[in-house]
Amino acid sequence: MKKAVVCIFFVPPLLLVASAGGPLHPLGDSLAVFRLYLGVIALICGAGLFVLNWRRSGIGAMVLSVAAIGAILWSYHGPQPQGDFPYTHYQKNLLYVLYDPAEIIADIQEQDPDFITLQEMTPRSNGLMVALQEDYPTQSVCLGEDDRGIALASRFDMVPESRICMPGHGMLAVQVITPDGPVWLVTLHLRWPFPLEQAEQVTRILPVLEGLTGPVVLGGDFNMVPWSDTMTRIETATRTRRVGRTIDTFLVEGHLMVPIDHVLAPQGCKGRVSALDLLGSDHHGVLAHYPIGACS
Numbered sequence: 000m001k002k003a004v005v006c007i008f009f010v011p012p013l014l015l016v017a018s019a020g021g022p023l024h025p026l027g028d029s030l031a032v033f034r035l036y037l038g039v040i041a042l043i044c045g046a047g048l049f050v051l052n053w054r055r056s057g058i059g060a061m062v063l064s065v066a067a068i069g070a071i072l073w074s075y076h077g078p079q080p081q082g083d084f085p086y087t088h089y090q091k092n093l094l095y096v097l098y099d100p101a102e103i104i105a106d107i108q109e110q111d112p113d114f115i116t117l118q119e120m121t122p123r124s125n126g127l128m129v130a131l132q133e134d135y136p137t138q139s140v141c142l143g144e145d146d147r148g149i150a151l152a153s154r155f156d157m158v159p160e161s162r163i164c165m166p167g168h169g170m171l172a173v174q175v176i177t178p179d180g181p182v183w184l185v186t187l188h189l190r191w192p193f194p195l196e197q198a199e200q201v202t203r204i205l206p207v208l209e210g211l212t213g214p215v216v217l218g219g220d221f222n223m224v225p226w227s228d229t230m231t232r233i234e235t236a237t238r239t240r241r242v243g244r245t246i247d248t249f250l251v252e253g254h255l256m257v258p259i260d261h262v263l264a265p266q267g268c269k270g271r272v273s274a275l276d277l278l279g280s281d282h283h284g285v286l287a288h289y290p291i292g293a294c295s
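Each residue of the sequence shown is one higher than the one before, starting from 0 at the first, in numbering that gives the first Met the number 0.
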């Protein structure tokens, strides 16, 4: 009986270690989504191993757990720069079944962003884009064969023939002319991780992202947490970093809150983020403020 309990106590710490294995196998990123919760469970199991006289293993599990929990909690509560920033970015997963976008239209008008990135767009959401047309002349919608897709908008003019629409791969990009020069605006909607095809999807779109010359700003429903290999791959390809601290945006199965919606800006461009209301969706929106020009 004691051996069985010891074996059980070893499982959460091993899963916690495996949650850093995204570069080796997509299962690592799937576990990374729940790393904070795995860390808490592994901490308890480490204490259990210590009590059962597996002291070195117990101490090792507890140290590992505290390190993982501490790093994640710092990402949630780390300082954010205050003050005014030249650009505001509105990121939102609309939810496919959204029938009345009135609340989201009002929220966008209140926040007055420069960039808008949207996911789970459908033809029934066209009223949102029409309502924003006057203030956001640059608009693009990229729908797949199932009439579901992604969209973006900006108050800045689009570079002619710069649109890149990949409906089967959840990516849409246009280049716009900002006061700081041409900038690529990208919206992403990634699939759920392993056993679904997020890793394969990212592999397909990375060459396109790497080919975007000049600054990139990106908003999306990544279905993935900031400390994942998926996030690292996309940040590296686009020469960007996630803006601000970690914020929870989605409730998994009605129980666990996870941070899977993000805004990325050029490397070195520090900014801040805040969570917005659901407004009929199952995802909280993200409002980001950041610079684009000379960043250090």
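A virtual CB, placed ideally from N, CA and C, is assigned to each residue, including glycine.
Item: Out of curiosity, what's the CA-to-CA distance linking Gly-210 and Val-4?; Value: 52 Å
Item: If you draw a straight line from the C-alpha of Ala-150 to the C-alpha of Val-216, how long is it?; Value: 14 Å
Item: Just to confirm the assignment: which complete alpha helix (DSSP H) runs, minimum length 4, are found wholly within the stretch 192–265?; Value: 197–209 and 228–237
Item: Skipping 5 residues on each side, what residues in its chain have a beta carbon closer than 6 Å to that of Asp-220?; Value: Asn-92, Gln-118, His-188 and Asp-260
Item: What are the boundary residues of the alpha helix (DSSP H) that includes Val-366?; Value: Only positions 0 to 295 of the chain appear in this structure, which leaves residue 366 out of reach.
Item: CB His-88 to CB Ala-287, shorter than 8 Å?; Value: yes
Item: Could you check whether Leu-278 and Glu-102 sit closer than 8 Å to each other, using their CB atoms as the reference points?; Value: yes
Item: Given Pro-166, which residues of its chain have a CB within under 7 Å of its CB, disregarding the five upstream and five downstream residues?; Value: Cys-141, Leu-142, Gly-143 and Gly-148
Item: Decide if Val-32 is buried, meaning its Cβ has at least 16 other Cβ atoms within 10 Å, or exposed.; Value: buried
Item: What residue from His-254, Val-16 and Pro-122 has the CA that sits closest to Val-62's CA?; Value: Val-16
Item: Examine the Cβ distances between the stretch 62–81 and the stretch 104–112 and report whether three or more of them are shorter than 8 Å.; Value: no
Item: Can you check which of these residues, Pro-159, Arg-190, Ile-40 and Gly-21, is closest to His-168 by C-alpha distance?; Value: Arg-190
Item: May I ask you to verify whether the stretch 46–53 touches the stretch 251–260, counting CB pairs closer than 8 Å and requiring at least 3?; Value: no
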